[in-house]
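Asks: Right, I'll just put the structure down here and ask away after.
Number of protein chains: 2
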Amino acid sequence: MINFTIKHFRYFDALARIGHFGRAAEACAISQPALSAQIKELETLLGAPLVERTARKIRLTTLGEEFHIRARKILSDVEEISELARLAGGPIKGTLRMGIIPTVAPYLLTAIIHRLSIEFPDLEIHPRETVTQSLIDDLQQSRLDFVVAALPISEPSLREFALFDEEFVLVRAQKDAAQPVPSPDRLQQMKLLLLEEGHCFRDQALSFCDISKSDPTLRMEGTSLSTLVQMVNAGLGLTLIPEMAVPLETNGTTVSVAKFAKNTPKRTIGMIWRKTNPLETQLMELGSILRQLGQARPGTRAP
Amino acid sequence: MINFTIKHFRYFDALARIGHFGRAAEACAISQPALSAQIKELETLLGAPLVERTARKIRLTTLGEEFHIRARKILSDVEEISELARLAGGPIKGTLRMGIIPTVAPYLLTAIIHRLSIEFPDLEIHPRETVTQSLIDDLQQSRLDFVVAALPISEPSLREFALFDEEFVLVRAQKDAAQPVPSPDRLQQMKLLLLEEGHCFRDQALSFCDISKSDPTLRMEGTSLSTLVQMVNAGLGLTLIPEMAVPLETNGTTVSVAKFAKNTPKRTIGMIWRKTNPLETQLMELGSILRQLGQARPGTRAP
DNA sequence: ATTAATCATCAGCTTAGCTTATCGATGCAA
DNA sequence: TTGCATCGATAAGCTAAGCTGATGATTAAT
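First to last, the protein sequences are chains E and Z. Residue numbers for the first sequence follow our numbering, so the first one is 350 and each next one is one higher. Residue numbers for the second sequence follow our numbering, so the first one is 350 and each next one is one higher.
Take a look at the structure:
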């Protein structure tokens, strides 16, 4: 039996992710020779090299790749076992790392943090905002404790906890306000502005209009809902946004906002965490609070 | 993040299984105080006791039970990762990304894959077929593990491993079969069909006939040796092909194949990989097998 | 009360693992 | 090419984690 240490795994994981001895060492808060020594020891223990050292770049060997996958799993499990410590007493405390998607964050994040800081004074929230896929990866590797995103995720290892539903509304230039709200298939022909690739909201909008993801038509894209509304305001086209975004994003613009009469497009925002997280009970409690908070906002309803 | 160590888990697992500090310590081949200290440290890190010390017997707390389950899982995963070490020394396994040039692939690829799958049952070959320059780029950027192409490449960072030599033969229409084999400089004047730009075999053929690459004469080109032979068969001219291609490409045609008497044109097919690749030993072994395989084919000889 | 069993504590030692300084190789720009 | 910058490996020395062996404290059984 080989005497691996968790340090070995931590250091190797940093090296594998960062691909650079010096910077990986920095990330581990140790010196570069210390990291080199540990990696070397790992390779000695294994009897085979894990990384290919070329002049400018390093690359994992096949063994290294395999080792990395398993090491990450172990590190993730160790992260989780640490959570047991918090079960020790009473209300949840310490730090929770929260992921949240960009099409929700601006309208809910401050409210969430504010509310939780009142409910749990000894709890600190570390938010991270990015697209769903990246959040889910981080969640599964225990780099996040929970995520707020659009459901469903449909990962067997993850628990989904629905918070609220919200409709999508149509945002048009002022001059088009008098016209009837177009049907989804009419939207296909119009200048529909979308978020860039990777945002789940983009896919949901495309799906509503029954446009394939691989539709070769080059569409104009924006990096945020805010940008999209500004583009609409400048007369570049029209777009969909979630209802919760309306107050903030249409402020200071002359755009017209319209609801869809029937077949209303909507999404479900929910909380997601690892089923194996020992804090499941506490996360559930936290979810109830977020649900309450979400459903109290204009433009939302119970799922 | 808590600094657990695998030692913590090992010692705790022993204690939880054996239920006795002294004997658990013995099982871990350490002294009893050493084990006590580690368990105590664990409890400090977690902020709660893991074991209830009664006079004669110890008992896990609820937290201890949960911790034990998870610790065992982690230990088991660590055991598993150790297995990687065992496989590291033995025969090569996993995936190897192979590049191969189009003037070799049709006549050798299936044989290579078949042979390697027998020699190394746990090895999977991912082939990629394109012209030399593109393969070499991919190799140097670690998008390929090795390449089969015509030597020399003459890149200092790459290792070349000669496999076999093969001659070029002349392919003519049936009606010309009786005529003597033309000399290289006679070929210059004839309707020589060539592969398109980028194929090393094209350059080798041109070089044999002492034709400059930048010769402005527009020559007829084909996209594959197969096409060239078909064109010859249709009476459009004559061409050179490597000897190994003869059986496959002349099948079903009436073309005439002739060898050159002296100054025989030939090329060396070899294997190429990055000098820095830690799998060098395994690649060398693999090369020996390919060499054996190549030299057993008709129309080849040792380099 | 006495004894045996068991875990905690203490003092002292060994060495794993860290730091800083430096080397040697390699790629890049002048 | 030559000189410079980058990057990983190596070397020497220090610190503290973690071990041993001896001993103490507590409790159950006799």
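Heads up, the beta-carbon is just placed ideally off N, CA and C, and yes, glycines get one too. From a predicted model like this one, the values you see are computed outputs, not experimental measurements.
Terminal residues of the continuous beta strand (DSSP E) containing F510 of chain Z?
Replies: Here the beta strand (DSSP E) through F510 of chain Z covers 507-521.
Asks: Does the separation of the CB atoms of T649 of chain Z and F557 of chain Z fall below 8 angstroms?
Replies: Their beta carbons are not under 8 angstroms apart, which means T649 of chain Z does not touch F557 of chain Z by this criterion.
Asks: In whole angstroms, what is the alpha-carbon distance linking H475 of chain Z and L632 of chain Z?
Replies: Going by the C-alpha atoms only, they are around 15 angstroms apart.
Asks: Would you mind listing the alpha helix (DSSP H) stretches within the stretch 356-432 of chain E that are 4+ residues and don't spill past its ends, in chain order?
Replies: For the stretch 356-432 of chain E, whole alpha helix (DSSP H) runs of length 4 or above, ordered along the chain, are 370-376, 381-395, 411-432.
Asks: Could you check if I418 of chain Z is buried or exposed, using at least 16 other CB atoms within 10 Å of its CB as the buried criterion?
Replies: By the 10 Å Cβ count, I418 of chain Z comes out exposed.
Asks: Chain Z partners of K608 of chain E, CB-CB under 9 angstroms?
Replies: Residues of chain Z passing the Cβ test: none, with the nearest at roughly 47 angstroms.
Asks: Which partner residues of R650 of chain Z appear in the DSSP bridge assignment?
Replies: Z:D514.
Asks: Does any CB atom of chain E fall closer than 8 angstroms to the CB of T625 of chain Z?
Replies: Yes, T625 of chain Z counts as interfacial toward chain E.
Asks: Can you tell me which of the three DSSP states R334 of chain E falls into?
Replies: No answer is possible for residue 334 of chain E: the residues shown for chain E start at 350 and end at 652.
Asks: Using a Cβ-Cβ cut-off of 7 angstroms (strictly less than) and excluding sequence neighbours within five positions of L391 of chain E, which residues of its own chain qualify?
Replies: H357, F361, L399, listed in sequence order.
Asks: Please name the residue or residues paired with L500 of chain Z in a DSSP beta bridge.
Replies: Per DSSP, Z:T617.
Asks: Could you work out which residues of chain E lie near R551 of chain Z, taking near to mean beta carbons separated by less than 8 angstroms?
Replies: The contacting residues do not exist; R551 of chain Z stays about 32 angstroms from chain E at best.
Asks: Say whether chain E places a C-beta atom closer than 8 angstroms to the C-beta of S431 of chain Z.
Replies: S431 of chain Z counts as touching chain E.
Asks: Which residue wins for smallest C-alpha separation from A522 of chain E, given the options E:A363, E:T603, E:L541?
Replies: Checked all of E:A363, E:T603, E:L541; the closest Cα to A522 of chain E is E:T603.
Asks: Taking E473 of chain Z and K615 of chain Z to be in contact with their CB atoms under 8 angstroms, please state how far apart those CB atoms are, rounded to whole angstroms.
Replies: Contact flag wrong, Cβ pair sits at about 33 angstroms.
Asks: Going by CA-CA distance only, name the one from Z:R640, Z:F469, Z:D486 that's closest to I441 of chain Z.
Replies: Ranking the options by Cα distance to I441 of chain Z, first place goes to Z:F469.
Asks: Starting from M633 of chain E, trace the alpha helix (DSSP H) in both directions and tell me its first and last residue.
Replies: Here the alpha helix (DSSP H) through M633 of chain E covers 629-644.
Asks: What does DSSP give as the partner residue(s) for L445 of chain E in the beta ladder?
Replies: According to DSSP, which records beta bridges pairwise, L445 of chain E is partnered with E:I474.
Asks: The beta strand (DSSP E) that contains I590 of chain E, what's its start and end?
Replies: First-last of the beta strand (DSSP E) with I590 of chain E: 587-591.
Asks: Taking 8 angstroms as the threshold, find out whether the stretch 458-468 of chain Z comes into contact with the stretch 454-468 of chain E through three or more Cβ pairs.
Replies: Taking 8 angstroms as the limit for Cβ pairs, the verdict is that the stretch 454-468 of chain E does not touch the stretch 458-468 of chain Z.
Asks: So what does G667 of chain Z bridge to, in DSSP terms?
Replies: Outside the displayed span of chain Z (350 to 652) sits residue 667 of chain Z, for which this structure offers no information.
Asks: Let's see if you can read the secondary structure: which residues bound the alpha helix (DSSP H) around S605 of chain Z?
Replies: Run containing S605 of chain Z: none in the alpha helix (DSSP H); it sits in the beta strand (DSSP E), 605-607.
Asks: I'd like to know whether the C-beta atoms of T588 of chain E and L542 of chain E end up nearer to each other than 8 angstroms.
Replies: Yes, the Cβ-Cβ distance between T588 of chain E and L542 of chain E is below 8 angstroms.
Asks: Distance, Cα to Cα, R477 of chain E vs V496 of chain E?
Replies: Cα to Cα, the separation comes out at about 9 angstroms.
Asks: Is the CB of F353 of chain Z under 8 angstroms away from at least one CB in chain E?
Replies: Judged by the 8 angstroms Cβ criterion, F353 of chain Z is in contact with chain E.
Asks: Alpha carbon to alpha carbon, how far is L412 of chain Z from L433 of chain E?
Replies: Roughly 7 angstroms between the two C-alpha positions.
Asks: Decide if the stretch 502-512 of chain E is in contact with the stretch 618-627 of chain E; the criterion is three or more beta carbon pairs, one per stretch, under 8 angstroms apart.
Replies: With a cut-off of 8 angstroms, the stretch 618-627 of chain E and the stretch 502-512 of chain E count as touching, because enough Cβ pairs lie within range.
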